[in-house]
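Read in this note's numbering, the sequence shown has 125 at position 27, and its numbers run on one by one without any break.
This report refers to the structure that appears directly beneath it.
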Amino acid sequence: MNKTQMNLQDLFLNQVRKENIPVTIYLASGVQLKGIVRGFDAFTVVLESPGKPPQLVYKHAMASVVPARPVSGIFVREDRGTAPEQQAQAEE
Numbered sequence: 099m100n101k102t103q104m105n106l107q108d109l110f111l112n113q114v115r116k117e118n119i120p121v122t123i124y125l126a127s128g129v130q131l132k133g134i135v136r137g138f139d140a141f142t143v144v145l146e147s148p149g150k151p152p153q154l155v156y157k158h159a160m161a162s163v164v165p166a167r168p169v170s171g172i173f174v175r176e177d178r179g180t181a182p183e184q185q186a187q188a189e190e
């Protein structure tokens, strides 16, 4: 893979960061963290929550990241606003 190419993980995190979409990060331990992604690199994500200092979360501890609303341009078709899998099921 070319170094200038972004991977899916980076595209997703960058989009939620740019759109200030609140996310819930589920850790492998079961802990839930809620906030706004302020930055990320290859190993960490900076999460900011109201009334709390920013948290540096290691990606290897993360199980999943769930946005509070759909992320534009990723997994969503602009024509119908549904994921490709849902659209395929609807067309059957």
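Beta carbons are placed, not taken as given, at the ideal position from N, Cα and C, and that holds for glycine.
Fair warning: this is a prediction, and the values are worked out from it, not measured in the lab.
Given a cut-off of 8 Å, decide if VAL155 and VAL121 are closer than it, judged by their beta-carbon atoms. Using a Cβ distance threshold of 8 Å, VAL121 and VAL155 do not count as a contacting pair.
Who does GLY133 pair with in a DSSP beta bridge? Looking at the DSSP assignment, GLY133 forms a beta bridge with VAL121.
For SER162, write down the residues that DSSP places opposite it in a beta bridge. As DSSP reads the structure, SER162 sits in a beta bridge with TYR124.
Cβ of ILE172 within 8 Å of Cβ of GLN130? The answer is no: Cβ separation not under 8 Å.
Would you decide whether PHE141 is buried or exposed? Buried here means 16 or more other CB atoms lie within 10 Å of its CB. It is exposed - the Cβ of PHE141 has fewer than 16 other Cβ atoms within 10 Å.
By a C-beta neighbour count over all protein chains shown, 10 Å radius and 16 as the cutoff for buried, is GLY149 buried or exposed? Classification of GLY149: exposed, given that the 10 Å Cβ count is below 16.
Buried versus exposed, by CB contacts within 10 Å (16 or more), LEU111: Buried, because 16 or more other Cβ atoms sit within 10 Å of the Cβ of LEU111.
When you compare only the Cα positions, how much space is there between ALA159 and LEU125? Cα to Cα, the separation comes out at about 6 Å.
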